[in-house]
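In what follows, a structure is listed as structure tokens, so that the remarks can point back to it.
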Amino acid sequence: MSIGFRILNRERAVSTDLIARFAALPVANVSDAMHRMTGAGPRLTRMHRSGAMAGPAITVKARPGDNLMLHKAIDMALPGDVIVVDGGGDLTNSLMGELMLAHAINRKVAGFVIHGAIRDADAIAEANLPLWAAGITHRGPYKDGPGEINVSIALDGMVIEPGDLVIGDGDGVLAVPYAVAAEVLEKTEAKQMAEAKLMAQITAQTNDRSWIDQTLRRLGCTLPAA
Numbered sequence: 575m576s577i578g579f580r581i582l583n584r585e586r587a588v589s590t591d592l593i594a595r596f597a598a599l600p601v602a603n604v605s606d607a608m609h610r611m612t613g614a615g616p617r618l619t620r621m622h623r624s625g626a627m628a629g630p631a632i633t634v635k636a637r638p639g640d641n642l643m644l645h646k647a648i649d650m651a652l653p654g655d656v657i658v659v660d661g662g663g664d665l666t667n668s669l670m671g672e673l674m675l676a677h678a679i680n681r682k683v684a685g686f687v688i689h690g691a692i693r694d695a696d697a698i699a700e701a702n703l704p705l706w707a708a709g710i711t712h713r714g715p716y717k718d719g720p721g722e723i724n725v726s727i728a729l730d731g732m733v734i735e736p737g738d739l740v741i742g743d744g745d746g747v748l749a750v751p752y753a754v755a756a757e758v759l760e761k762t763e764a765k766q767m768a769e770a771k772l773m774a775q776i777t778a779q780t781n782d783r784s785w786i787d788q789t790l791r792r793l794g795c796t797l798p799a800a
């Protein structure tokens, strides 16, 4: 085994049932169900026009500015996979562009998360395959390696293992660990139901706002006399 230059098989992946149910939920509510402690950082920006993403991760650890392993990961991807790339956050050279995206669409890849730069931004937006990246540059990549596929990676502190669930929408991207995906789903669906109830109360103007003053008093805030 050559640490730093190796390609591994993915041994597990979240189920299609879990993926479908998560796909109907806002990323923000999933984040809340995980106590708001996990995130890939604000640098990751949506590069497609609109639409959400959910699928099992293929992980790529790339040398900054080099996309050899990303090319290989696209060839390895199964329909519905999300390719997550740790490119070190470097924006000097792009890791992917229009041609690679077209190949990924043919492979039925569900989306990309790239902690690095892309190019051909207009074409990527037009294609509208879910893709988040840290930036844009016209400078192209190298293809010399090294790098790794299907190893543990981390994006701004968010750890992603091969086969973990990766979701994304207009609020950003989030990885849900394989081992707790069912538990997180249950909590998120409960939160979704509670929010639907609250929204109905807001629409009917019957929502209770007394908690605000109660919280202010508990924290020692001086309030004006009634």
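Using our numbering, the first residue of the sequence shown is number 575, and each one after it goes up by one.
The beta carbon of each residue, even a glycine, is placed where N, CA and C say it ideally should be.
Keep in mind that this is a model prediction, so the values were computed, not measured.
1) Check whether the region 746-754 touches the region 605-621, counting contact only when three or more Cβ pairs, one atom from each stretch, lie closer than 8 Å.
2) G719 and M773: beta carbons closer than 8 Å?
3) Does the Cβ of T796 have 16 or more other Cβ atoms within 10 Å, making it buried, or fewer, making it exposed?
4) Quick check: the region 752-759 against the region 689-704, are there 3 or more CB pairs under 8 Å?
5) Does the beta-carbon of P722 have 16 or more other beta-carbons within 10 angstroms, so that it is buried, or is it exposed?
6) Alpha carbon to alpha carbon, how far is G690 from S668?
7) Check for me: the alpha helix (DSSP H) holding S605 runs from which residue to which?
8) If we ignore side chains and look at the alpha-carbon of each, how far apart do T762 and A594 end up?
9) In whole angstroms, what separates the C-alpha of D649 from that of T590?
10) Nearest-angstrom Cα distance between G709 and R617?
11) Exposed or buried, which one is D640 when buried takes at least 16 other CB atoms within 10 Å?
12) Which value, in whole angstroms, describes the spacing of the CA atoms of G799 and L592?
13) For A651, count the other beta carbons within 10 Å of its own beta carbon; 16 or more makes it buried, fewer makes it exposed. Which is it?
14) Alpha carbons only, please: which of P630, D660, I679 is nearest the one belonging to E700?
15) Using alpha carbons as the reference points, say which of T789, R580, M627 lies closest to V634.
16) Please classify R637: does DSSP put it in a helix, a strand, or coil?
17) From Q779 to G744, what does the alpha carbon distance come to, in whole angstroms?
18) Per DSSP, S668 forms a beta bridge with which residues?
19) In terms of residues, what are the limits of the beta strand (DSSP E) holding E722?
According to the structure data:
1) At 8 Å Cβ cutoff, the stretches touch.
2) No; because the gap between Cβ atoms is not below 8 Å, this pair is not in contact.
3) Flag for T796 reads exposed.
4) Three or more beta-carbon pairs separated by less than 8 Å are not found between the region 752-759 and the region 689-704, which leaves the two stretches without contact.
5) The displayed chain sequence assigns Glu, not Pro, to residue 722. A residue is called buried once 16 or more other Cβ atoms fall within 10 Å of its Cβ, and E722 is buried on that count.
6) Those two C-alpha atoms are separated by around 7 Å.
7) Unbroken alpha helix (DSSP H) run through S605: 601-607.
8) Their backbone Cα atoms lie some 14 Å apart in a straight line.
9) In a straight line, the C-alpha of D649 is about 21 Å away from that of T590.
10) Cα-Cα distance, rounded: 8 Å.
11) Flag for D640 reads buried.
12) The displayed chain sequence assigns Ala, not Gly, to residue 799. For A799 and L592, the gap between their C-alpha atoms comes out near 52 Å.
13) By the 10 Å Cβ count, A651 comes out buried.
14) Nearest C-alpha to E700: I679.
15) Of the listed residues, the one whose Cα sits closest to V634 is R580.
16) In the three-state DSSP reduction, R637 falls in the coil class, being neither helix nor strand.
17) CA-to-CA, the gap between Q779 and G744 works out to about 28 Å.
18) Answer by DSSP bridge pairing, in chain order: A691.
19) Run containing E722: 721-723, per the beta strand (DSSP E) assignment.
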